[in-house]
Amino acid sequence: MKVTVDLDKCQDHGQCAIAAPEVFRINDEGRLEFDDAPAEELRDAVEEAADVCPVQAILIED
Amino acid sequence: MYFDIADPSFSVQSEQVRKARDENWYAETNYGVAVLRYEETRLLLRHPKLRQGSARWPAHHGITSGPFADWWANWVLNKEGEEHHRLRRLMNPAFSRRLIDGLVPRFQALAAELVDGFAEPGRCEFMSEFASPYAARVIAIMLGLPEEEWPVLARDSATIGLAMGVTLREDLPRIEAALDSLYGYVDEAVDRRRSDPRDDFVTRIMRAQRDEDRLTATELRDSLVLLIFGGYDTTRNQLGLAMQTFLDHPDQWRLLAERPDLGPAAVEEVMRVNPTVTWVTREALEDFTFQGLDIAAGTTLHLFTEASGTDPRAVPDGRFDITAERPPHFGFGGGAHHCLGHFVARSDMSEALPLLARRMRDPRPGGPSRWLPRSGNTGPIELPVAFTPAE
């Protein structure tokens, strides 16, 4: 699974980090960090994160 | 600069606020610090040293037990950290955009039905004939309950809204009666879907599960009542504020009638310049310094959404323009507590506004309007509008 985030859109709300903390996190500076190639068993959580993003900035490829 | 924000005549849109924003990014108030500029609001909305600011509101009024205090304490908005994240994870899927997209035809039919039903041709009292029934019936649609019961939802939500006011303690018996009535309403919604599950909002939130975890029966009821309360009044007021803004910008209204695809952009632009939630509150968890200002633990910050959204540093042209590229507004808050129901609100208002623009040509004030204070959660109480009817 390949994950991309449109960083022009991303507002660092951190809803993805709530939905899938294994893959997304908000660092101490308040900025998003994420794993762009998470393990397949995290797919449900990553899809949840993409769904819940207020600005719909997360894309899951294959 | 100092603002008395508890004064009912204080306006977040006043010249005084504009002037203060020119001078500095913040102003002192009788309830802590008001934040006035775009960039500072953006950063503070999701600042790790701040929590959501309303958790202790009932306690400030001496209310520490009973049904209202219990309900308030269970709001997802009033939780922090893992407790908050758990609730949010469980509730979010029911609010997914895909599920809301399926309701669009119902929103369109509802808007058309309400305009068809205006008592007189060429004029309406916009709040009672459109904004209130539209907002309340959208919630009835979400909950799968008969739409004709909408006046109960509207009445009880408005009564619970008294809890946001400074007379909370005197109003408590009425507030708790309204709360009891809404619990009855959501219990009926849950009972219906227990015996007749569907691919809908209530079924989803009832079945919400993450690993082995689920919402308890209490969490489910409390959350559904919060959804009614949080979704009704804000949507109603925001629609009224949208109408007010377009009354001042007839060219933009005509454009929206011609180009219904601008509905979503119109919602964003209205919420940038005329948001119903005029401030978002935060509370400092510990002492910290931000942009040279020392903020002590326990300080309340009011992030002024309209002053920030119209900050010339972020939007230099100062126009209301539904075709312009704009930076994101703060009308839905932000960070971990970003409005849970924003896809619903965005979707239902995006459908309503272009339809209204098409059906209500050349709108103009149809008589004196009445308004809530321009602070806290604001909007019209009554907004008579005269217009040229069109099909």
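From first to last, the protein sequence lines are chains A and B.
For the numbering used here, count along the first sequence from 1 and bump the result up by 221.
For the numbering used here, count along the second sequence from 1 and bump the result up by 3.
Each residue gets a CB set at the ideal place from its N, CA and C atoms; glycine is no exception.
Simplified DSSP assignment, three categories, for residue i
| i | result |
| --- | --- |
| LYS52(B) | coil |
| LYS223(A) | strand |
| GLY369(B) | coil |
| ALA348(B) | helix |
| PRO136(B) | helix |
| PHE98(B) | helix |
| ARG217(B) | strand |
| ILE165(A) | No statement about residue 165(A) is possible, as the shown extent of chain A runs from 222 to 283 and does not include it. |
| GLY35(B) | strand |
| ILE247(A) | strand |
| GLU261(B) | helix |
| PRO357(B) | helix |
| HIS397(B) | Past the boundaries of the shown model lies residue 397(B); chain B is included only from 4 to 394, so the question cannot be answered. |
| ASN77(B) | coil |
Proximal residues of chain A, C-beta to C-beta of residue i below 7 Å
| i | result |
| --- | --- |
| SER135(B) | Those within 7 Å of SER135(B) in chain A number zero; the least Cβ separation is about 27 Å. |
| ARG49(B) | ASP233, HIS234, GLY235 and GLY251 |
8 Å Cβ shell around residue i - same chain, five flanking residues per side excluded
| i | result |
| --- | --- |
| TYR34(B) | ILE8, ALA9, THR303 and HIS305 |
| HIS252(B) | PHE323 |
| ILE66(B) | ALA72, LEU171, ARG172 and LEU175 |
| LEU39(B) | VAL20, ALA23, ARG24, ASN27, TRP28, TYR29, ALA30, PHE307, ALA310, SER311 and ASP314 |
| ILE247(A) | ASP233, GLY235, ALA238, LEU253 and GLU254 |
| PRO392(B) | PRO124, GLY125, ARG362, MET363 and ARG364 |
Chain-ordered chain B contacts of residue i [CB-CB under 7 Å]
| i | result |
| --- | --- |
| GLU261(A) | Within chain B, no residue comes near GLU261(A); the closest Cβ sits about 17 Å away, beyond 7 Å. |
| VAL273(A) | ASN95 |
Cβ-based neighbour list, residue i, same chain, cut-off 7 Å, excluding 5 preceding and 5 following
| i | result |
| --- | --- |
| ARG195(B) | GLY147 |
| THR162(B) | ARG177, ILE178 and ALA181 |
Test item: CB-CB of residue i and residue j under 8 Å
| i | j | result |
| --- | --- | --- |
| TYR395(B) | ALA157(B) | It is not possible to answer for residue 395(B), since the shown part of chain B is limited to 4 through 394. |
| PRO278(B) | THR308(B) | yes |
| ARG126(B) | GLY382(B) | no |
| TYR137(B) | LEU242(B) | yes |
| ARG329(B) | ARG54(B) | no |
| VAL228(B) | LEU182(B) | yes |
| THR396(B) | VAL276(B) | The requested residue 396(B) is not part of the displayed model; chain B covers only 4 to 394. |
| ALA300(B) | ALA211(B) | no |
| GLN111(B) | GLU261(B) | no |
| GLY334(B) | VAL280(B) | yes |
| ASP1(B) | VAL141(B) | Only positions 4 to 394 of chain B appear in this structure, which leaves residue 1(B) out of reach. |
| ASP199(B) | ARG224(B) | no |
Contacting residues, own chain, Cβ-Cβ under 6 Å from residue i (five flanking each side not counted)
| i | result |
| --- | --- |
| LYS325(B) | Looking at the sequence provided, one finds Ile at residue 325(B) rather than Lys. Excluding positions up to five away in sequence, the list reads GLN255, LEU265, ALA268, ALA269 and GLU272. |
| GLY56(B) | THR284, ARG285, GLU286 and THR303 |
| THR225(A) | LEU280 |
Beta-carbon neighbours of residue i, restricted to chain A and to distances below 8 Å
| i | result |
| --- | --- |
| ARG362(B) | By Cβ distance, chain A contributes nothing, its closest Cβ being about 30 Å from ARG362(B), past 8 Å. |
| ALA339(B) | HIS234, GLY235, GLN236 and ILE239 |
| HIS332(B) | Ordered by position in chain A, no residue passes the 8 Å Cβ test against HIS332(B), which lies about 11 Å from the chain. |
Proximal chain B residues relative to residue i, where beta-carbon distance stays under 8 Å
| i | result |
| --- | --- |
| GLU282(A) | Result: empty, since nearest Cβ-Cβ is about 19 Å, beyond 8 Å. |
| ASP256(A) | The premise fails here: ASP256(A) is roughly 18 Å from chain B at the closest Cβ pair, so nothing lies under 8 Å. |
| GLU269(A) | ARG92, ASN95 and PRO96 |
9 Å Cβ cut-off: residues of chain A touching residue i
| i | result |
| --- | --- |
| ARG54(B) | None at all; the shortest Cβ gap to chain A is about 14 Å. |
* Asked: Which runs of the alpha helix (DSSP H) fall wholly inside the stretch 229-301 of chain B and span at least 4 residues, in chain order?
  -> 253-261 and 266-276
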